[in-house]
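As given, the protein sequences belong to chains A and B, one line each in that order. The first sequence begins at 789 in the numbering used here and counts up one residue at a time. The second sequence begins at 82 in the numbering used here and counts up one residue at a time. Beta carbons: idealized from backbone N, C-alpha and C, even for Gly. Only one structure is covered here, and it is reproduced in the block below.
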Amino acid sequence: MTAELFLEICCYGALGVIALSLLLALYRLLRGPTLPDRIVAVDMLSFLVIAYIAVLVVSTRNAAFLDAASTLAMITFLSTAAFARYIERWGNQSERDHREENAR
Amino acid sequence: MTEVLQILAALLVVAGAFFCFVASVGILRLEDLFMRMHAASKAGTFGAGLPLVAAAIALWDSSAAVRALGTVGFLLITAPIAAHLLCRAAYRCPDVKLSNNTIIDELGRQNVSDPEEDDK
Chain A
789 MTAELFLEIC CYGALGVIAL SLLLALYRLL RGPTLPDRIV AVDMLSFLVI AYIAVLVVST
849 RNAAFLDAAS TLAMITFLST AAFARYIERW GNQSERDHRE ENAR
Chain B
82 MTEVLQILAA LLVVAGAFFC FVASVGILRL EDLFMRMHAA SKAGTFGAGL PLVAAAIALW
142 DSSAAVRALG TVGFLLITAP IAAHLLCRAA YRCPDVKLSN NTIIDELGRQ NVSDPEEDDK
């Protein structure tokens, strides 16, 4: 009984701490000077949401949320890889534009 | 037995929340994209992985445990790959500047303070 209470208290504390971390990462997402900064923040946000879901699973004893966590992990990887491709092309593109402007 | 598992799960949850908080402070305070990425990917993986292990322990159910541990394995495999891809793309992006405190830049792209030149 005491262990169960301890687990509940730890879960609620962890939920609060992770929610605070979400706010800090959101601040970096809004402020980030460049596009890669924002993408790192988005990556971080989805990791934090996965952690939040896992703590929620422990707290509510409902295993159905685990599917959401695994799906989010897969989507995060794909989106980060796609964004990295995009930055690579976009960075080269802006460099090329710069060079063309200098040539004129 | 159940109480031991519950206390173990509670400790893992607290450790995961601690890693999440450290990672978010790092992403807020560090001065360079690559330093921030170091904090985000490394501690973010631990912060998400430890609560998932805690979920597997607390539920103590084979189907839930397989899903939770499978997600942990997936995160451990894909997070370094995603960080590497993003890091490589960002290094080639001309907008991203390295911090002034950077000691060494092996690929030698831009203004890194050279300690030998500072001595002269």
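Query: Whole-angstrom C-beta distance between B:V134 and B:V153, which should lie under 8 Å; Result: 6 Å
Query: Contact list for the stretch 168–187 of chain B against chain A, Cβ threshold 8 Å; Result: R169, A170, A171, R173, C174, P175, D176 and V177
Query: Short CB-CB distance (under 9 Å) between B:E112 and chain A; Result: no
Query: Cβ-based burial, B:M82 [other Cβ within 10 Å; buried from 16]; Result: exposed
Query: Proximal chain A residues relative to B:M118, where beta-carbon distance stays under 8 Å; Result: V828
Query: CB contact below 9 Å: A:L818 versus chain B; Result: no
Query: Cα-Cα separation, B:L150 to B:A137; Result: 7 Å
Query: Status (buried if at least 16 other CB within 10 Å, exposed otherwise) for A:S834; Result: buried
Query: Best match in B:F115, B:L109 and B:V95 for proximity to B:N181 [C-alpha to C-alpha]; Result: B:F115
Query: B:P161: contacting residues in chain A (beta-carbon distance under 7 Å); Result: Under the 7 Å cutoff, chain A gives no residues; its nearest Cβ is about 11 Å from B:P161.
Query: Sufficient close CB pairs (3 or more, under 8 Å) joining the stretch 822–838 of chain A to the stretch 857–872 of chain A; Result: yes
Query: Which of helix, strand or coil DSSP assigns to B:R178; Result: Before going further, note that residue 178 of chain B is Lys rather than Arg in the sequence given. Looking at B:K178 - three-state DSSP - the assignment turns out to be coil, as it is neither helix nor strand.
Query: Residues, ordered as in the chain, of the stretch 139–154 of chain B that lie near chain A by beta-carbon distance below 8 Å; Result: A139, L140, D142, S144, A145, R148, A149, G151 and T152
Query: The alpha helix (DSSP H) enclosing B:T159, as first and last residue numbers; Result: S143 to R173
Query: Cβ distance (whole Å) where A:L817 is taken to contact A:V805 below 8 Å; Result: 19 Å between Cβ atoms; not a contact.
Query: Rounded Cβ spacing between B:V103 and B:A124 (contact assumed at less than 8 Å); Result: 5 Å
Query: Limits of the alpha helix (DSSP H) - the one that A:G804 falls within; Result: T790 to R819
Query: For B:A90, the nearest candidate out of A:T822, A:L854 and A:A842 (CA to CA); Result: A:A842
Query: Short CB-CB distance (under 9 Å) between B:N192 and chain A; Result: Caution is warranted here: a pLDDT of 48 is assigned to B:N192, below 50, making its placement in the model unreliable, and the coordinate value is therefore given only provisionally. Not one chain A Cβ lies under 9 Å of B:N192.
Query: Candidates A:A791, A:I827 and A:G820, of which the one nearest A:F871 by Cα; Result: A:I827
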